[in-house]
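To get our numbering, take the position in the sequence shown, counting from 1, and add 227.
Below is one structure, written out as structure tokens, with a few remarks after it.
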Amino acid sequence: MKNLADHDSFVDGIPHDTFTQMRRDAPVHWTDAFAGNKGFWSLTRYADIMAAQKDPATFSSAQGIRIEDQSHDEYMSRRTFQETDPPEHSTTRRAVNPVFAKPVIARFEPLIQDLARDIVGQALDHAEFDGIDLIAKRLPMLMLGRILGVPEDDLDWLVERGDALIGNTDPDFTTTVIDKVDTDAYRMMPFRSPAGVELYDYADTILDGTRQVDGDGILARVLRSEDGAMTAQDFKNFFCLLVAAGNDTTRYSIAMALHLMTRQPDLLAQLQTGKVWDTCADEIIRLASPTLHFRRTATRDIDLHGQTIRAGDKVLMWFASGSRDETVFDNPHSAQLDRSPNRHLAFGQGGPHVCLGMWLAKLELRCILQELAGRITRLDAVSEPTWTRSNFICGVKSLTLRPTLK
228 MKNLADHDSF VDGIPHDTFT QMRRDAPVHW TDAFAGNKGF WSLTRYADIM AAQKDPATFS
288 SAQGIRIEDQ SHDEYMSRRT FQETDPPEHS TTRRAVNPVF AKPVIARFEP LIQDLARDIV
348 GQALDHAEFD GIDLIAKRLP MLMLGRILGV PEDDLDWLVE RGDALIGNTD PDFTTTVIDK
408 VDTDAYRMMP FRSPAGVELY DYADTILDGT RQVDGDGILA RVLRSEDGAM TAQDFKNFFC
468 LLVAAGNDTT RYSIAMALHL MTRQPDLLAQ LQTGKVWDTC ADEIIRLASP TLHFRRTATR
528 DIDLHGQTIR AGDKVLMWFA SGSRDETVFD NPHSAQLDRS PNRHLAFGQG GPHVCLGMWL
588 AKLELRCILQ ELAGRITRLD AVSEPTWTRS NFICGVKSLT LRPTLK
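Dropping the structure here:
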């Protein structure tokens, strides 16, 4: 059984064999202290994760949502509304929810279709290409700019900084790898990363008006909002959250779709029937589960499956495990694009912290799949995929593809 505290346990993808064993034999599993951090409990079964999601009074977000320990000062400096509990969480969420509501996102569909058409068309001009660079990265990045309201010329730089931030455990994304070098100088920055300094500086130029953002974008709306008005520090952390999470998770979902199409050639035929457009995105995202876990902190003693979780203990909800729980999902490791219902956990459903961007992510993924299904008869992998080195955000980061065109 692999050590879930070790980022190297994820360099070949999510260790599903370990999670299968834990769901069966140790659904509430203790991992000892590591790298100067306290140990933690892992919840791996669907029902237990869903129950924890629904009970923020017992499983609190207000001491951080990642494995690493933080001092109170570090927590206060780095936190976003994700790291708060109701009612504080609810106040901020009311201010930002309208921008991400399903009817609002639906208005972007013609734009996303046009972008997807261009992106896929340009990629297919190549006999072979890296599907992550030419497809999976492109659409989330372009939509990130429109949602935020930042200049398009800034997007490549913002995405690179976001990769360095959320990919702080992977030497392909940063030279300041959190478990390999001393990051104490950045302990007040998001993810203890120097990229946080650069993103803070960028956010400061928005706050002081020296960089103009689109008035219809979420950043301008948040700055105008009186409901849950943010401090300057809150705004900077919110900006970092959107840059990182708003791009990477959708990228890795699209990347998983490409990977699965090379492993299950029948998926393309399923798409080409035109009967799975309402369900295919959720199934791909279930299997991708790019955000592997969120941490909670127990506020009281809890007895669960013969174990006692003590007040103050860290508890990890492994979404990547719960979304493949064989007691909930038939053939959980196989893509069934017509799977319905599909109550996966990849968006943190069931509680107050459900993903803001889930409607946008599903729409972007569907539009990419529609374009591919209309243009190719087969998609082959030229080489094995490479995966992120992270037990927090995991996905395919490079994959050379060879398409067969219609």
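All C-beta atoms in this analysis are idealised placements derived from N, C-alpha and C, irrespective of residue type, glycine included.
Excluding the 5 residues flanking A260 on each side, which residues of the same chain have their C-beta closer than 6 angstroms to its C-beta? Only G266 meet the Cβ criterion.
With L446 as the anchor, note down where its alpha helix (DSSP H) starts and where it stops. Counted as a single uninterrupted DSSP element, the alpha helix (DSSP H) harbouring L446 occupies residues I445 to R451.
Taking the alpha-carbon positions, what's the N618 to D239 distance? Separation of N618 and D239 (C-alpha to C-alpha, rounded to the nearest whole angstrom) is 11 angstroms.
Express the C-alpha separation of R438 and A274 in angstroms, rounding to a whole number. Taking the straight line joining both Cα atoms gives about 46 angstroms.
Does the separation of the CB atoms of S480 and A515 fall below 7 angstroms? Yes, they are a contact pair.
Ignore the nearest five residues each way along the sequence and tell me which others in K329's own chain have a CB closer than 6 angstroms to its CB. Correct list, in chain order: W586.
Go to P330, then tell me how far its alpha helix (DSSP H) extends in each direction, as first and last residue. Unbroken alpha helix (DSSP H) run through P330: K329 to A333.
Have a look at K502 and R320 and give me their C-alpha separation to the nearest angstrom. The alpha-carbon atoms of K502 and R320 are separated by roughly 35 angstroms.
Best match in D475, W614, T631 and T615 for proximity to A588 [C-alpha to C-alpha]: Selected option, being the one with the closest Cα: D475.
DSSP three-state label for N264, please. In the structure shown, N264 adopts extended strand secondary structure according to DSSP, grouped into three states.
Tell me whether R523 sits in a helix, a strand or coil according to DSSP, three-state version. Three-state DSSP puts R523 in a strand.
From which residue to which residue does the alpha helix (DSSP H) around Q248 run? Q248 -> alpha helix (DSSP H) spans H243 to D252.
Helix, strand or coil: how does DSSP classify S255 here? In the sequence on display, residue 255 carries Val and not Ser. V255 falls in the strand class under three-state DSSP.
What residue range is occupied by the uninterrupted beta strand (DSSP E) comprising S625? Unbroken beta strand (DSSP E) run through S625: V623 to S625.
Ordered along the chain, which non-local residues of its own chain (more than five positions away) have a Cβ less than 8 angstroms from that of I241? In chain order, S516, L519, A547 and C621 place their CB closer than 8 angstroms to the CB of I241, counting only its own chain and leaving out the 5 sequence neighbours on each side.
Determine, using beta carbons only, whether L351 and P630 come nearer to each other than 7 angstroms. Cβ atoms of L351 and P630: closer than 7 angstroms.
Could you give the residue range of the beta strand (DSSP E) that holds W545? The continuous beta strand (DSSP E) containing W545 extends over residues K541 to W545.
Should E355 be labelled buried (16 or more other beta-carbon atoms within 10 Å of its own) or exposed? Exposed.
Go ahead and pull the three-state DSSP assignment for W504. DSSP places W504 in coil when its eight states are reduced to three.
For I512, name the three-state secondary structure that DSSP assigns. Three-state result, I512: helix.
Between the CA atoms of I339 and M370 - distance to the nearest angstrom: In this model, M370 and I339 are separated by some 8 angstroms (Cα to Cα).
Rounded to whole angstroms, what's the CA-CA distance from H299 to A278? Just pull it up for me. Linking H299 to A278 through their CA atoms gives a straight-line distance of about 27 angstroms.
Sequence-distant residues of the same chain with beta carbon closer than 7 angstroms to I292, five excluded per side: So the qualifying residues of the chain are Q309, E310, F521 and R522.
Express the C-alpha separation of A471 and F462 in angstroms, rounding to a whole number. Note on geometry: alpha-carbon atoms of F462 and A471 lie some 14 angstroms from one another.
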